[in-house]
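Heads up, the thing below is written out as structure tokens.
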Ligand SMILES: Cc1cc2nc3c(=O)[nH]c(=O)nc-3n(C[C@H](O)[C@H](O)[C@H](O)COP(=O)(O)OP(=O)(O)OC[C@H]3O[C@@H](n4cnc5c(N)ncnc54)[C@H](O)[C@@H]3O)c2cc1C
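In our numbering, the protein residues as written are 4 to 335.
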């Protein structure tokens, strides 16, 4: 009989795991948000779209390249070759070369996740809040106390702090992992009011990254949509500040850095990512497998995600891919 597995989170790690295990087990995926994507989400307002989490990704491993191949062929993933610059309030701008292919999903970053999801059993707007042991199985409850089912295995792909509160592991299991915050500023600005470059790595500023999101492949160039990301340090120091103040400060910094007139900014929105980016992982940490996931085969609990491997899109895939291989190898 196939094992019943609950996977928490429908970002890249959760969807990778669900796809790779679905032939071998009965998979139920639970996602608290309204849509797929996690930190590869796309925000819509009117006709405008902003990729307010990951803006691009690289593909270095053979396994990740193999995942992407059919989606590149179908046009869901496209190589991005921007005119990229480096900005600083202290130094003149200079052009920045990229030495390896960088990819985006099109028409939004969540398109890759949507393309990966057909055939999977996914419950959206379902926040897993409680795990209870019951007759040798795990019973899951949502945030209203409603039962979500009983499962042999529970695997969390939620960001580290959200996984920590769900899975009953010893506290020192998590000692070598960490996550940092980031603010995402989303602006409506007409394309004609923006500089000629497409994206900028920013130094010596509260911002670290600026992209003219509507110029990414597959987007509508008429609908000027800027994304700017703060540094982790700045976000940590202003995490609980009034969000209107944060939005105004980052908008002013964007205008000062780029020379865009404040009057050209038609609308500004802010998203606070409390758990945006993973810190570097210390190898051979207590309680975690160095191959990139957390596993307790006795109790049938596991965790995976970008934070297990030091962060970024490819790390999310690799962590889930390696956990799936291990579970298949040991027969659950
Ligand atoms: C601002 C920002 C910029 C970034 N830039 C880049 C970049 O340029 N390049 C790059 O490679 N990476 C970048 N990243 C990192 C990249 O987005 C992540 O590494 C990757 O998307 C993580 O995928 P994941 O599946 O591990 O986690 P997530 O995408 O976070 O997925 C976890 C999912 O779990 C869900 N969840 C959490 N708790 C529960 C619960 N209790 N019940 C149900 N569901 C739950 C969440 O809603 C979420 O959808 C960026 C991230 C941010 C935030």
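All C-beta atoms in this analysis are idealised placements derived from N, C-alpha and C, irrespective of residue type, glycine included.
Item: Reference residue 140; option with closest CA among 308, 62, 155; Value: 155
Item: Three CB pairs or more closer than 8 Å across the stretch 38 to 58 and the stretch 230 to 246; Value: yes
Item: Any non-hydrogen atom of ligand 1 closer than 7 Å to residue 87 Cβ; Value: no
Item: Proximal residues to residue 263 (C-beta, below 8 Å), its chain only, five neighbours per side dropped; Value: 192, 196, 197, 198, 257
Item: Beta-carbon proximity of residue 208 to residue 126, cut-off 8 Å; Value: no
Item: Local Cβ density within 10 Å of residue 14, reported as buried at 16 or more and exposed below that; Value: buried
Item: Residue span of the beta strand (DSSP E) that contains residue 189, given as start and end; Value: 182 to 192
Item: Residue 77 - DSSP class collapsed to helix/strand/coil; Value: helix
Item: Start and end residues, alpha helix (DSSP H) containing residue 152; Value: No alpha helix (DSSP H) holds residue 152; the beta strand (DSSP E) holding it covers 150 to 154.
Item: DSSP bridge partner residues for residue 278 (one or two, in chain order); Value: Per DSSP, none; premise fails for residue 278.
Item: Counterpart residues of residue 137 in DSSP-defined beta bridges; Value: 140
Item: Three CB pairs or more closer than 8 Å across the stretch 31 to 43 and the stretch 213 to 232; Value: no
Item: Backbone CA spacing between residue 298 and residue 240 [nearest angstrom]; Value: 34 Å
Item: Rounded separation between residue 330 and residue 9 - CA only; Value: 14 Å
Item: Outcome for residue 122 when other beta-carbon atoms lying within 10 angstroms are tallied against a minimum of 16; Value: exposed
Item: heavy atom of ligand 1 below 7 Å from residue 31 C-beta; Value: no
Item: Straight-line gap, residue 27 to residue 320 (C-alpha atoms, nearest Å); Value: 19 Å
Item: Beta-carbon proximity of residue 88 to residue 72, cut-off 8 Å; Value: no
Item: Residue 280: CB within 7 Å of a non-hydrogen atom of ligand 1; Value: yes
Item: Residue 61, DSSP secondary structure in three states; Value: coil
Item: Identity of the residue in 220, 281, 271 nearest residue 181 by Cα; Value: 281
Item: The stretch 158 to 167 touching the stretch 301 to 320, judged by at least three CB pairs closer than 8 Å; Value: yes
Item: Residue 182: CB within 7 Å of a non-hydrogen atom of ligand 2; Value: As far as ligands go, the structure on display features ligand 1 and does not contain ligand 2.
Item: Bridge-paired residues (DSSP) for residue 157; Value: 9, 304
Item: Between the CA atoms of residue 252 and residue 173 - distance to the nearest angstrom; Value: 41 Å
Item: Helix, strand or coil at residue 28 according to DSSP, with G and I counted as helix; Value: strand
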